[in-house]
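Asker: Here it is: the structure, laid out below.
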Amino acid sequence: MSAGGSADGAAAGAVSSTMLLAVGIVGGLICIYLAGFLGEPFGPVIAGIGAVLAIVWGSDAIRRVASYGLGTGVPSIGYMSLSVGVISALTGLTLAATTLKMAILGPVAGFVVAVIIGAIIAIVATKIVGMKIPIMIQCTIEIAGAATLSILGFAVAIAGSYDVAAIYNNVVATGFIGVLFIMCTMAIQHPFNACLGPNEDQLRTLKCACSTAFLSMTLTGLMSITTGGISWFIVFLIGLIGWIVSFKSFVTASCNDAASTKWAGLWPKVEE
Amino acid sequence: MDPVTLGVVALMGAVATIGGAAEDLESDIGSQSNPNSQVQLAPQMGHLHRMINKAASGEPVAYGVWCGVAGAIAAIAINLHVMPIVAIAMGACVAAFVHAIYTVTSHMGRIVGQSQFEQPLFMDVLTQSLGPIVGHGFITSFCIVGISYLMTIPLGAAKVPLHVFPLPLLTMLWGIALGAIGSSTGDVHYGAESEYQKFEFGGGTPVAIQGDIVTKAPLGAKNSMDVVNFCAKFGGPLTGFCFGLVVFFSFWNTVVFGVYGGIIVGIIIIILLIIMDNYLEVFARTKYGPYEEE
Chain A
367 MSAGGSADGA
377 AAGAVSSTML
387 LAVGIVGGLI
397 CIYLAGFLGE
407 PFGPVIAGIG
417 AVLAIVWGSD
427 AIRRVASYGL
437 GTGVPSIGYM
447 SLSVGVISAL
457 TGLTLAATTL
467 KMAILGPVAG
477 FVVAVIIGAI
487 IAIVATKIVG
497 MKIPIMIQCT
507 IEIAGAATLS
517 ILGFAVAIAG
527 SYDVAAIYNN
537 VVATGFIGVL
547 FIMCTMAIQH
557 PFNACLGPNE
567 DQLRTLKCAC
577 STAFLSMTLT
587 GLMSITTGGI
597 SWFIVFLIGL
607 IGWIVSFKSF
617 VTASCNDAAS
627 TKWAGLWPKV
637 EE
Chain B
31 MDPVTLGVVA
41 LMGAVATIGG
51 AAEDLESDIG
61 SQSNPNSQVQ
71 LAPQMGHLHR
81 MINKAASGEP
91 VAYGVWCGVA
101 GAIAAIAINL
111 HVMPIVAIAM
121 GACVAAFVHA
131 IYTVTSHMGR
141 IVGQSQFEQP
151 LFMDVLTQSL
161 GPIVGHGFIT
171 SFCIVGISYL
181 MTIPLGAAKV
191 PLHVFPLPLL
201 TMLWGIALGA
211 IGSSTGDVHY
221 GAESEYQKFE
231 FGGGTPVAIQ
241 GDIVTKAPLG
251 AKNSMDVVNF
261 CAKFGGPLTG
271 FCFGLVVFFS
281 FWNTVVFGVY
291 GGIIVGIIII
301 ILLIIMDNYL
311 EVFARTKYGP
321 YEEE
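From first to last, the protein sequence lines stand for chains A and B.
So the first sequence is residues 367 to 638, counted in our numbering.
So the second sequence is residues 31 to 324, counted in our numbering.
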């Protein structure tokens with residue numbers, strides 16, 4: 367059994383991946399659009415929740431592809447997909463606002479660009495580089511899509527709308543886009559990377575994913591102090607509450623699933 | 031050449047040295063980067079242990095996050111007219127908090143992922159090591175945000191900053207750079223030497239021995255504090271020295287010799303370093319280690 371292998375076979379889990387995919391795409395996009403319509407003060411928090419949904423979906427996709435024994439490649443595929451996410455999000459918003467002259471298509475356009483770039487990268491990885499992972503194409507597309515929606519969600523939470531000028535002024539020019547990039551990379555790849563091993567369990571990994579996603583939302587709340595009015599505090603507060611609940615459930619699940627939980631002493635004697 | 035700018039570059043080099051040393055020692059406590067895969071495999075090899083397994087991705091991504099978050103919070107606080115040094119400390123505090131959370135989730139997740147081999151989840155190991163990990167992380171993010179801030183303020187007679195990027199972007203990029211250096215330079219002197227002390231020096235860690243770590247200390251169980259004590263003498267300072275030189279030589283040559291002169295001097299420095307490194311490695315391999323040609 368490799369260190370990256372899952373005991374119950376690749377991709378098996380209690381929560382259906384199709385459901386997570388649907389919640390990630392539909393929930394993420396609806397939240398981003400709703401945030402645009404609602405505006406201050408409740409728009410940003412809904413955009414943040416959309417990003418959380420996308421991150422949970424993305425980490426499940428990472429889990430499925432990395433169960434084939436990616437090992438140290440888990441952070442790498444996260445890194446790569448989030449760079450696709452940043453490029454797609456900005457390209458989609460700009461294309462919709464300038465070429466298509468329909469700013470409302472921005473988030474969907476970003477998602478479509480991510481799917482296209484993700485597919486090209488996955489085809490290069492399987493056909494040219496020769497990686498033998500059967501679900502590589504589907505999962506790379508999924509992770510790139512989740513990355514785009516998470517970046518877009520948090521960017522809308524900071525800027526207050528998906529208007530391209532607002533996002534360039536408040537997220538790109540201030541340098542927060544770099545922080546969003548690396549923070550979402552961590553949030554999406556960390557859950558499976560942290561939980562991998564023969565006794566990895568999908569529910570525990572998803573609890574960890576909720577915890578990292580809400581932590582990122584809390585930090586996004588702090589980052590929107592100067593741009594948003596009172597809305598920064600709502601994003602911060604909801605993120606913090608979500609983080610406390612999910613982190614607590616992750617720690618409880620870990621303590622229950624451990625071979626034994628001890629506060630002192632040596633390990634038990636086992637036959638080699 | 032402007033003496034004030036040159037002084038700031040020297041200060042940046044010194045601060046980066048401290049930050050680099052703290053970063054490497056932090057990753058040694060957490061068995062991060064290369065050693066964590068070794069700690070990860072130990073229970074499967076029949077070696078139950080009391081080590082920390084902080085698998086918060088590789089060091090570059092991890093330090094990109096801590097330093098990026100610290101830089102973002104510091105930039106906001108500076109925007110709100112907080113004194114810069116206090117703002118940087120505030121940013122580093124938030125980053126330390128995030129660091130602690132990721133440490134807890136990765137250690138617990140990885141240990142529980144090995145539960146079929148009867149590896150216990152030692153909570154005292156986690157609580158004892160969390161302070162040193164977060165403390166070193168705080169020093170590192172403080173130093174990185176500090177040097178990045180120095181790059182963004184107008185300097186000298188011409189009143190131009192050393193770099194045009196906004197603070198959060200710079201801190202993220204320098205965090206990734208530091209993580210990469212801590213991972214490549216620090217790993218040579220890192221915990222593997224300590225974790226694999228029963229194997230002959232210079233043999234590296236081939237796949238056949240991975241996970242076959244030493245789990246007992248002279249007194250009781252070996253823990254992550256023993257590893258960092260071992261690394262604090264050479265590994266940490268060496269990594270700090272390397273990162274300090276990288277930061278210093280990123281700016282010193284252009285500040286002193288101008289843009290084009292700086293590029294030529296930079297190329298000369300790189301050629302000198304390649305010759306020196308080659309000499310050092312050939313010398314070390316012929317004098318020590320099992321790589322002699324029969």
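We treat Cβ as the ideally placed atom computed from N, Cα and C, and that holds for glycine.
Quick one: which chain B residues come within Cβ less than 8 Å of K628(A)?
Answerer: For the purposes of this step, residue 628(A) is taken as residue 262 along the first sequence, with counting starting at 1. Within chain B, the residues near K628(A) are P150, L151, F152, M153, D154.
Asker: Is there a Cβ from chain A that is less than 9 Å from the Cβ of N109(B)?
Answerer: Position 79 of the second sequence, counting from 1, holds the residue named residue 109(B). With 9 Å as the cut-off, N109(B) counts as an interface residue toward chain A.
Asker: Note the first and the last residue of the continuous alpha helix (DSSP H) segment covering F271(B).
Answerer: Along the second sequence, one-based indexing puts residue 271(B) at 241. Unbroken alpha helix (DSSP H) run through F271(B): 265-317.
Asker: To which residues does DSSP link K246(B) through a beta bridge?
Answerer: Translated into positions along the second sequence, residue 246(B) becomes position 216. Partner(s): A251(B).
Asker: Start and end of the alpha helix (DSSP H) containing A93(B)?
Answerer: Taking the first residue of the second sequence as 1, we reach residue 93(B) at position 63. The residue asked about is misnamed: residue 93(B) is Tyr in this sequence, not Ala. That run of the alpha helix (DSSP H) goes 89-109.
Asker: Relative to the alpha-carbon of A255(B), which residue among G143(B), F127(B), I59(B) has its alpha-carbon at the smallest distance?
Answerer: Position 225 of the second sequence, counted from the start, is the residue given in the question as residue 255(B). One detail in the question is off: residue 255(B) reads as Met in this sequence, not Ala. Closest by alpha carbon: I59(B).
Asker: Which two residues bound the contiguous alpha helix (DSSP H) that contains N559(A)?
Answerer: By one-based count along the first sequence, residue 559(A) stands at place 193. N559(A) -> alpha helix (DSSP H) spans 542-561.
Asker: Suppose the cutoff is 6 Å on Cβ atoms and the five residues either side in sequence are ignored; what does the same chain contact list for S597(A) look like?
Answerer: Here the question's residue 597(A) lines up with position 231 in the first sequence. If we look at S597(A) and ignore the five residues flanking it on each side, its Cβ neighbours are E406, P407, P410.
Asker: Cutting at 8 Å between CB atoms, please list the residues of its own chain near G212(B), excluding the five before and the five after it.
Answerer: Your numbering for residue 212(B) matches position 182 in the second sequence. These residues qualify, in order along the chain: G50, E53, D54, S57, S63, E89, Y93, T269, F273.
Asker: Buried or exposed: T618(A), going by 16 or more other Cβ atoms within 10 Å of its Cβ?
Answerer: Along the first sequence, one-based indexing puts residue 618(A) at 252. With fewer than 16 Cβ atoms within 10 Å of its Cβ, T618(A) is classed as exposed.
Asker: Please list, in chain order, the residues of the segment 223-253 of chain B that have any C-beta partner in chain A closer than 7 Å.
Answerer: Listed by position along the chain: A251.
Asker: From K635(A) to L71(B), what distance separates their C-alpha atoms?
Answerer: As a working mapping, residue 635(A) is identified with position 269 in the first sequence. As a working mapping, residue 71(B) is identified with position 41 in the second sequence. In a straight line, the C-alpha of K635(A) is about 18 Å away from that of L71(B).
Asker: Compare the C-alpha of C648(A) against each of V112(B), M138(B), F313(B) and name the closest.
Answerer: For residue 648(A) there is no data in the structure shown, the boundaries of chain A being 367 and 638.
Asker: Give the residues of chain A in contact with I304(B), contact being defined as C-beta atoms less than 7 Å apart.
Answerer: Start at 1 with the first residue of the second sequence, and residue 304(B) comes out as number 274. Those do not exist, as I304(B) stays about 28 Å from chain A at its closest Cβ, beyond 7 Å.
Asker: May I ask you to verify whether the segment 110-124 of chain B touches the segment 598-614 of chain A, counting CB pairs closer than 8 Å and requiring at least 3?
Answerer: Judged by Cβ distances under 8 Å, the segment 110-124 of chain B makes no contact with the segment 598-614 of chain A, as fewer than three pairs qualify.
Asker: Chain B partners of T540(A), CB-CB under 8 Å?
Answerer: Within the first sequence, residue 540(A) is the residue found at index 174, counting from 1. Those are A105, P196, P198, listed as they occur along chain B.
Asker: Below 9 Å between beta carbons: does that hold for G424(A) and S447(A)?
Answerer: Counting from 1 along the first sequence, the entry for residue 424(A) is found at position 58. Counting from 1 along the first sequence, the entry for residue 447(A) is found at position 81. The answer is yes: Cβ separation under 9 Å.
Asker: Grouping DSSP H, G and I as helix and E and B as strand, with all else coil, what is L466(A)?
Answerer: Mapped onto the first sequence, residue 466(A) falls at position 100. L466(A): coil per DSSP, three-state reduction.
Asker: Which whole-angstrom value is the C-beta distance of I106(B) and F172(B), which I expect to be below 8 Å?
Answerer: The count along the second sequence starts at 1 and reaches residue 106(B) at position 76. The count along the second sequence starts at 1 and reaches residue 172(B) at position 142. At roughly 16 Å, the Cβ-Cβ gap does not stay under 8 Å, so I106(B) and F172(B) are not in contact.
Asker: For chain B, check one thing: does any of its Cβ atoms lie closer than 9 Å to the Cβ of T592(A)?
Answerer: On the first sequence, position 226 is the one that residue 592(A) refers to. It does; some Cβ of chain B falls within 9 Å.
Asker: Using a Cβ-Cβ distance cut-off of 9 Å, determine whether L357(A) contacts chain B.
Answerer: It is not possible to answer for residue 357(A), since the shown part of chain A is limited to 367 through 638.
Asker: Report the neighbours of A85(B) on chain A: residues whose CB is nearer than 7 Å to its CB, in chain order.
Answerer: Along the second sequence, one-based indexing puts residue 85(B) at 55. What A85(B) touches in chain A: N559, A560.
Asker: To the nearest angstrom, report how far apart G165(B) and A475(A) are at their CA atoms.
Answerer: Counting from 1 along the second sequence, the entry for residue 165(B) is found at position 135. Counting from 1 along the first sequence, the entry for residue 475(A) is found at position 109. If you take the alpha carbons of G165(B) and A475(A), they lie about 44 Å apart.
Asker: Please state if the CB of T235(B) and the CB of R80(B) are separated by a distance shorter than 9 Å.
Answerer: Position 50 of the second sequence holds residue 80(B). Position 205 of the second sequence holds residue 235(B). No, the pair does not count as a contact, with Cβ atoms beyond the cut-off.
Asker: Taking only runs that begin and end inside the segment 560-602 of chain A, name each unbroken alpha helix (DSSP H) of 4 or more residues, in chain order.
Answerer: DSSP runs (the alpha helix (DSSP H)) wholly in the segment 560-602 of chain A: 568-589.
Asker: Where does F195(B) sit, in a helix, a strand or coil, going by DSSP?
Answerer: Counted from its first residue, the second sequence places residue 195(B) at position 165. Three-state DSSP puts F195(B) in coil, outside helix and strand.
Asker: Taking the alpha carbon of L275(B) as the reference point, which residue from A104(B), V257(B), I300(B), I294(B) has its own alpha carbon closest?
Answerer: Working through the second sequence from its first residue, we reach residue 275(B) at position 245. When each option's Cα is compared against that of L275(B), the closest is I300(B).
Asker: Where DSSP assigns a beta bridge to V379(B), which residues make up the other side?
Answerer: The question about residue 379(B) has no answer, for chain B in this structure spans 31 to 324.
Asker: Quick check: the Cα distance between Y528(A) and T593(A), rounded to an integer number of angstroms?
Answerer: In the first sequence, counting from the first residue as 1, residue 528(A) sits at position 162. In the first sequence, counting from the first residue as 1, residue 593(A) sits at position 227. Cα-Cα distance, rounded: 14 Å.
Asker: List, in order along the chain, the chain A residues whose C-beta lies closer than 9 Å to that of S145(B)?
Answerer: Numbered from its first residue, the second sequence carries residue 145(B) at position 115. G563, P564, N565, D623, A624, A625, S626, listed in chain order.
Asker: Closest by CA to L588(A), which one among S615(A), F520(A), G416(A)?
Answerer: To locate residue 588(A), count along the first sequence from 1; it is residue 222. Closest by alpha carbon: F520(A).
Asker: In whole angstroms, what is the alpha-carbon distance linking V142(B) and Q149(B)?
Answerer: To locate residue 142(B), count along the second sequence from 1; it is residue 112. To locate residue 149(B), count along the second sequence from 1; it is residue 119. When rounded, the distance between both Cα atoms is 8 Å.
Asker: When the cut-off is 9 Å and only beta carbons count, does S136(B) lie next to chain A?
Answerer: What you label residue 136(B) is simply residue 106 of the second sequence in a count that begins at 1. Interface residue, yes.
Asker: Assuming L569(A) contacts A380(A) under a Cβ cut-off of 8 Å, what Cβ separation, rounded to an integer in Å, is found between them?
Answerer: Here residue 569(A) refers to the residue found at position 203 when the first sequence is read from its first residue. Here residue 380(A) refers to the residue found at position 14 when the first sequence is read from its first residue. Going by Cβ atoms, the distance from L569(A) to A380(A) rounds to 5 Å, so yes, they are a contact pair.
Asker: Relative to the C-alpha of G394(A), which residue among S626(A), A579(A), F613(A), C505(A) is closest?
Answerer: Stepping through the first sequence from its first residue, residue 394(A) is reached at position 28. The option with the nearest alpha carbon to G394(A) is A579(A).
Asker: Can you pull the chain A neighbours of Y179(B), defined as C-beta to C-beta under 8 Å?
Answerer: Residue numbering aside, residue 179(B) sits at position 149 when the second sequence is read from its first letter. Here the premise fails: no neighbours, minimum Cβ distance about 13 Å.
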